[in-house]
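Chains as they are written, first to last, in the numbering used here: chain A, 2 to 113; chain B, 463 to 578.
Just so it is clear, CB atoms sit at the ideal spot from N, CA and C, and this is done for glycine as well.
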Amino acid sequence: QQQVKQSPQSLIVQKGGISIINCAYENTAFDYFPWYQQFPGKGPALLIAIRPDVSEKKEGRFTISFNKSAKQFSLHIMDSQPGDSATYFCAASKGSQGNLIFGKGTKLSVKP
Amino acid sequence: AAGVIQSPRHLIKEKRETATLKCYPIPRHDTVYWYQQGPGQDPQFLISFYEKMQSDKGSIPDRFSAQQFSDYHSELNMSSLELGDSALYFCASSLGFYSSPNYGYTFGSGTRLTVV
Chain A
2 QQQVKQSPQS LIVQKGGISI INCAYENTAF DYFPWYQQFP GKGPALLIAI
52 RPDVSEKKEG RFTISFNKSA KQFSLHIMDS QPGDSATYFC AASKGSQGNL
102 IFGKGTKLSV KP
Chain B
463 AAGVIQSPRH LIKEKRETAT LKCYPIPRHD TVYWYQQGPG QDPQFLISFY
513 EKMQSDKGSI PDRFSAQQFS DYHSELNMSS LELGDSALYF CASSLGFYSS
563 PNYGYTFGSG TRLTVV
């Protein structure tokens, strides 16, 4: 059973548009929710992360919205740029040494 | 800033051979994780170490073993390699305290293992 469900699988957005990727989780013990960006052949790079005591976190063009009661969180990329084209993974973990459990990933393509 | 260093970047091995992957975590990070990522797949957790002790184990085959040394670097040993072991192997490190402003997992650039 997939513990972290991510959608959509792929996303095409026009330059300047908003990219929205959604994730849902089952385990209420999860207490750390990061988003990673990955380019082909490279390691995942941490974009932004949130804890359950916060409903929203913004860093530059990236915003995480977190809904604890619905067990859902989402990534919004404002003013999407062609350089944002990559695969995005949501993840969750529990405890300060807990391993990350990833969603299946979303391949984002931003068209010029 | 120092990053997670993995070596080698690429490795080609034949079936039934043995491979050793190395990982050097960010200085002062106390937890190391190993992940396997197949083509088009999400990273799958293999094993982790906290302060040189195994802390958690995921879907790591019995043919694989890992350890963390006194200098905190870690090695993933893979024996009796199979074609299905071909994947990207990532190491990540973290500082295991939520209160740290720098808390978070940092991934290395990975080792691409090809088994032929």
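In chain B, no part has a C-beta under 7 Å from the C-beta of G61(A); the shortest such distance is about 16 Å. Pairwise C-beta distances place the stretch 498 to 510 of chain B in contact with the stretch 546 to 553 of chain B, as three or more of them are shorter than 8 Å. With respect to chain B, the C-beta atom of N23(A) has no partner C-beta closer than 8 Å. Assignment of beta-bridge partners to D518(B) by DSSP yields S510(B). Counting other Cβ atoms within 10 Å of its Cβ, G106(A) reaches 16 or more and is therefore classed as buried.
Taken atom to atom, the span from the alpha-carbon of S541(B) to that of A528(B) is near 11 Å. The three-state secondary structure of P35(A), taken from DSSP, is strand. For L545(B), the three-state secondary structure derived from DSSP is helix. The Cβ atoms of L109(A) and S75(A) lie no closer than 8 Å to each other.
In this structure G566(B) touches S556(B) by the C-beta definition: roughly 6 Å separates them, less than 8 Å. Listed in chain order, the non-local C-beta contacts of T482(B) below 6 Å within the same chain comprise E537, N539, local neighbours out to five positions each way being set aside. Annotation: K69(A) is outside any beta strand (DSSP E) and is labelled neither H nor E by DSSP.
Taking a beta-carbon distance threshold of 8 Å, P487(B) does not count as an interface residue toward chain A.
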